[in-house]
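Trainee:
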Amino acid sequence: MTPKKLACVAGLVSTLAACGGGSSNSTPPSSTPAIAVPASVAAALPGYKISVFAQVPGKLRPDDLLLHGSNIFAIAQDNNNNPDGTAVAGTSPQSEVIEYDMNGNVVRTFNVPGHPDGLMEFDSHTVWVSTNEDANPMLIVIDTTANTQQTLTPDATPIHGGGLDDMKMLNGVVYAAASNPALGAATATAPNGVSSVPSLYSVTLNPDHQTFHLTPALMGNAMATNIPTNTQVTLNMTDPDSMAIDPSGNLVVDSQQDSELVFIANPGANQSVSVLPLTLYGNGWPVDDTRWAPSGNSFMLLADNQAQLIYRIDATPGFTAGTAYSAGQGTVLQVNTSTGAMTPVFTGMGAPHGLIFVGD
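Sequential numbering of the sequence shown, starting at 1060, is according to my numbering.
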């Protein structure tokens, strides 16, 4: 994200706050003592309550979250791992994937190389992890039944010039966000730069069991329908980041610093694309994860990267099925998916990233 945009967002966050290759290690579950929610966190809408589900160990920072089987898997980043996979000079960082039971107790951990960012369930016993979102991407395939893992690298340098971020599987195809793209020079109408490279890939593992192949699935300058105005626009996806699947089965890509969600219906040769600009109080507002509340009883889990906490959020009398929520810039927000306007639910968080719903 550009310094200029960060400064703008930081000002809005202040206003809101004022208003309110590794190895796996088995760890016996242990009771997690109650941890207080930071005093800075404040409810902005009635009908919600927040508690701490878990605190990640040491200096690790939680990011993407995943329900796999009956447990929660969380990426835990060592920030001495740079986003391009290099290490801060003089350090020996080690990021992890941590498995928790539903009481927030650690079940086991998996050491993963680089700076992990994306977490996806491939099948009932396999989890994929993407690492190094700025450059030198890798995939780590974890067999959670056999307790083994394998690290794979791309069979060619990704043509967008960066790394890989989030991943989602739809209709048997794995898609990955083409993060940190190489951009053309900024213009008056494109202050973040100009994208003419892929923003999304499909991912296939090669028979050599050592590499994977990336096939462009969406260009950063594709045509799309602007949802609020119902007009055709040219995308300029300068920051592909988090991903989701909406209740209609559309693949959703968050172009973070562009403050927009891009929806892809029927990904493939006959796909159609639409875009939802996101705003808070009329200003563009970058977000990380977006999720839709499922039917039935559920609660939300939210990773606060800066606070090193995973929160549990409950709604009374319950979350309304089909309602979208996003995490971004110190806030959890309810999203109007027709207009893009967002309403804060909680403010005063550090850096909320990963967000999922879990059936209660």
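Note that the Cβ used here is the ideal one computed from N, Cα and C, for glycine as well.
1. Using the Cα positions of Ala-1303 and Leu-1277, report the straight-line distance between them to the nearest angstrom.
2. Considering just the uninterrupted stretch of the beta strand (DSSP E) at Asp-1363, what are its terminal residues?
3. Would you mind reading off the limits of the beta strand (DSSP E) that contains Ala-1386?
4. Do you know offhand how far Met-1161's Cα is from Ser-1357's?
5. Taking all protein chains shown into account, decide if Thr-1402 is buried (16 or more other Cβ within 10 angstroms of its Cβ) or exposed.
6. Compute the distance between the beta-carbons of Ser-1189 and Met-1226, then report whether it is under 8 Å.
7. DSSP puts Lys-1108 in a beta bridge; with which residues?
8. Which of the three DSSP states, helix, strand or coil, is assigned to Asp-1367?
9. So for Leu-1392, helix, strand or coil by DSSP?
10. Restricting to Cα atoms, I'd like to know which of Gly-1221, Gly-1418, Val-1346 and Pro-1142 is closest to Ser-1238.
11. Taking contact to mean at least 3 C-beta pairs separated by less than 8 Å, is the stretch 1146-1157 in contact with the stretch 1357-1372?
12. In chain order, what residues of the same chain have a beta carbon less than 7 Å from the beta carbon of Pro-1097, not counting five sequence neighbours either side?
13. Spatial neighbours of Pro-1336 within its chain, please: CB distance less than 6 Å, with the 5 preceding and 5 following residues excluded, ordered by chain position.
14. Between the stretch 1097-1107 and the stretch 1125-1133, do three or more beta carbon pairs fall short of 8 Å?
15. Residue range of the beta strand (DSSP E) that Asn-1191 falls in?
16. At what residues does the beta strand (DSSP E) containing Ala-1103 begin and finish?
17. What residues in its chain sit with their C-beta under 7 Å from that of Ala-1380, if we drop five residues either side in the sequence?
18. Can the beta-carbon of Asp-1182 be found less than 8 Å from the beta-carbon of Asn-1265?
19. What did DSSP end up calling Asp-1317 once you bin it into helix, strand or coil?
20. Suppose you measure from the CA of Leu-1361 to the CA of Val-1156; what does that come to, to the nearest Å?
21. Out of Gly-1377, Leu-1229 and His-1184, which one is the CA nearest neighbour of Phe-1416?
22. Is the distance from the Cβ of His-1412 to the Cβ of Asn-1342 below 8 Å?
23. Starting from Phe-1271 and walking both ways along the beta strand (DSSP E), at which residues does that stretch end?
24. Output the distance between the C-alpha atoms of Thr-1204 and Thr-1338, rounded to the nearest integer angstrom.
25. Taking just the CA atoms, how far does Gly-1418 sit from Tyr-1384?
26. If we ignore side chains and look at the alpha-carbon of each, how far apart do Asn-1140 and Asn-1280 end up?
27. What does a CB cutoff of less than 6 Å around Gly-1079 pick up in its chain, not counting 5 residues either side in sequence?
Mentor: Well, looking at it:
1. 15 Å
2. Annotation: the continuous beta strand (DSSP E) that includes Asp-1363 extends over 1357-1363.
3. 1383-1387
4. 13 Å
5. exposed
6. yes
7. Asp-1373
8. The amino acid occupying residue 1367 in the given sequence is Gln; Asp does not appear at that position. Per DSSP, reduced to three states, the secondary structure at Gln-1367 is coil, with no helix or strand assignment.
9. strand
10. Gly-1221
11. no
12. The residues are Ala-1366.
13. Glu-1319 and Gly-1399
14. no
15. Segment: none, Asn-1191 is in no beta strand (DSSP E) and carries neither H nor E.
16. From DSSP, Ala-1103 is part of no beta strand (DSSP E); its letter is neither H nor E.
17. Within the same chain, Ala-1380 has close Cβ partners Ala-1352, Pro-1353 and Ser-1354.
18. no
19. helix
20. 16 Å
21. For Phe-1416, the nearest C-alpha among the options comes from Gly-1377.
22. Their beta carbons are not under 8 Å apart, which means His-1412 does not touch Asn-1342 by this criterion.
23. Note, Phe-1271: beta strand (DSSP E), 1270-1278.
24. 43 Å
25. 16 Å
26. 31 Å
27. Its pLDDT being 42, under 50, Gly-1079 is placed unreliably in this model, and the coordinates cannot settle the point.
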